[in-house]
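Written below as C-alpha cells is the structure these notes are about.
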C-alpha cells in the first residue's frame, strides 16, 4: 500500500464543516482555488482544455471510521460505502468540479465542497457521464420522498 | 497524511494491462466482482439501492510517477493530471461502474477496467452527472479529431 502525499491544497470559502451546504437541493456552486505545489505543476500540462475535473482529496480533519452511520440528510443509518461520510477506512473525498481558469499552478474552480486548506491527492479529467435518468439513487431518493411527504 | 489499506480486492477478467481495452471507443463492459473483506462488509449496508458506484482503487502494479507522459491514445505528451496514467503521485484509480447485484460482501459489477487482484480503497454512490454536452474533453477530443482525419 502507499502513504498519501499532498500535491497541493484547496483555498475554499469554508472554514468549518458546518458552513458546507448539505441536504437535499444543496447547491455546490462555491468557487475556490486548487493551489498545486510547484514541484507538481508540470503535471497540469494541457489541463485547461477540460471543462470539468475530478478532485481526490483527503478528509484531513476526520478521525477514524464508522462502518454504519446516520448522514445529515436522513434519520436512518446507512453503510459508509453508501454515503459520503468523512469517516471512511481510507479518508479520501471525491468532488467533480468545473474548471474556470488556470493561472500558473493555481486552478480556479466552481463546485467546491471542501474545507479551506484541504490536501489535494489527485486530479483527473472528467470524461463521461452516466445519464441522470439511468441512475438509481437508493436510500437518498427514499429519504427525499419521505421528506417531501412530510 | 494516511497509509492506504485495502477494503477488498477486485476479481476481474484482466490479468495484465495489455488486456484492458484502451483507446477511442474502447468499451468497458467487462464484468467483475468487488470482493469486500468481511471486516468491512457492514459498510455495504443499503448499497444495493444504487445503480452506479464510484470505485477508488490502487494502481498496485505501477511504480513511481511521471509528471508528463504520452498516453496510449495519443502521440503527444500531456500532464499526468490531464490523463488517467497509472504513474501518479498518489497511485489512486477511479472507475464508475454499474452495480449488477450483491451477494453478501461480493458486489457483481459491470464496467471493470482494473486488473485482477487490484486492491479497493473506497466505494461511493454515484449520484449526479454533468450532461455530456456540457463537457469539454481537451486534448482527448483533439487527438480523436486528428485520428479521424488520418
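Chains as they are written, first to last, in our numbering: chain H, -6 to 143; chain X, -6 to 143. Ideal placement from N, C-alpha and C gives every residue a C-beta, glycine not left out.
| Neighbour-count burial assignment, residue 19 of chain X, 16 or more Cβ in a 10 Å radius | exposed
| With a CB to CB cut of under 6 Å and the five nearest residues on each side skipped, what residues in its chain are close to residue 55 of chain X? | 79, 80, 84
| Counted within 10 angstroms of its Cβ, other Cβ atoms place residue 63 of chain H as buried (16 or more) or exposed | exposed
| query | If you measure beta-carbon to beta-carbon, which residues of the segment 111 to 124 of chain H are closer than 8 Å to chain X? | reply | Correct list: 112, 114, 115, 116, 117, 118, 119, 120, 121, 122, 123, 124.
| What do you get for residue 43 of chain H, buried or exposed, if any count of 16 or more other CB atoms within 10 angstroms of its CB means buried? | Residue 43 of chain H counts as buried, since at least 16 other C-beta atoms from the protein chains shown sit within 10 angstroms of its C-beta.
| Is the segment 0 to 7 of chain X touching the segment 19 to 28 of chain X, taking contact as three or more C-beta pairs under 8 Å? | yes
| query | Taking all protein chains shown into account, do 16 or more other C-beta atoms lie within 10 angstroms of the C-beta of residue 104 of chain H, making it buried, or fewer, making it exposed? | reply | buried
| said: I need the straight-line Cα distance from residue 96 of chain X to residue 112 of chain H, nearest angstrom please. | reply: Put simply, the backbone Cα of residue 96 of chain X is about 36 Å away from that of residue 112 of chain H.
| Going by Cα to Cα distance, which pick from X:28, X:33, X:46, X:128 is closest to residue 91 of chain H? | When only C-alpha atoms are compared, the closest one is X:128.
| message | The alpha helix (DSSP H) that contains residue 139 of chain X, what's its start and end? | response | Run containing residue 139 of chain X: 131 to 141, per the alpha helix (DSSP H) assignment.
| message | Please classify residue -6 of chain H as buried or exposed, where buried requires at least 16 other C-beta atoms within 10 Å of its C-beta. | response | Counting every other CB atom within 10 Å of its CB across the protein chains shown gives residue -6 of chain H a total below 16, marking it as exposed.
| said: Here's a check: name, in chain order, each residue in its chain whose Cβ is nearer than 8 Å to the Cβ of residue 41 of chain H, leaving out the five neighbours to either side. | reply: 92, 94, 95
| query | Checking contacts by CB at 8 Å: is residue 84 of chain X closer than that to chain H? | reply | It does: the Cβ of residue 84 of chain X has a partner Cβ on chain H nearer than 8 Å.
| DSSP three-state call for residue -4 of chain H: helix, strand or coil? | Reduced to three states, the DSSP call for residue -4 of chain H is strand.
| query | Would you say residue 40 of chain X reaches chain H, if we count a Cβ-Cβ gap shorter than 8 Å as a contact? | reply | Yes, its Cβ sits closer than 8 Å to a Cβ of chain H.
| said: By the 7 Å beta-carbon criterion, what residues does the segment 71 to 105 of chain X contribute toward chain H? | reply: Among the residues of the segment 71 to 105 of chain X, those with a Cβ less than 7 Å away from any Cβ of chain H are 71, 72, 73, 74, 75, 77, 81, 82, 83, 84, 85, 87, 89, in the order of the chain.
| Can a CB atom of chain X be found closer than 8 Å to the CB of residue 139 of chain H? | no
| Quick one: is residue 2 of chain X near chain H, going by C-beta distance under 8 Å? | no
| Just checking my contact of residue 38 of chain H with residue 102 of chain X at CB under 8 Å: how many whole Å lie between their CB atoms? | Not confirmed; about 33 Å, so no contact.
| According to DSSP, what are the bridge partners of residue 127 of chain X? | Partner(s): none; residue 127 of chain X has no beta bridge.
| message | Using the Cβ count rule (16 or more neighbours within 10 Å means buried), how would you classify residue 1 of chain X? | response | buried
| Does the Cβ-Cβ distance between residue 99 of chain H and residue 28 of chain H come in under 8 Å? | yes
| Beta-carbon of residue 11 of chain X versus every beta-carbon of chain H: anything under 8 Å? | Taking Cβ atoms only, chain H never reaches closer than 8 Å to residue 11 of chain X, which makes this a no.
| Under three-state DSSP, which class holds residue 35 of chain H? | DSSP places residue 35 of chain H in helix when its eight states are reduced to three.
| message | Counting only beta-carbon separations shorter than 8 Å, does residue 66 of chain H have a partner in chain X? | response | No, residue 66 of chain H lies away from the interface with chain X (no Cβ there is under 8 Å from its Cβ).
| query | From which residue to which residue does the beta strand (DSSP E) around residue 106 of chain H run? | reply | No beta strand (DSSP E) contains residue 106 of chain H, which DSSP labels as neither H nor E.
| task | Answer with yes or no whether the minimum CB distance from residue 26 of chain X to chain H is below 8 Å. | result | no
| query | Does any residue of chain X bring its CB to less than 8 Å from the CB of residue 63 of chain H? | reply | no
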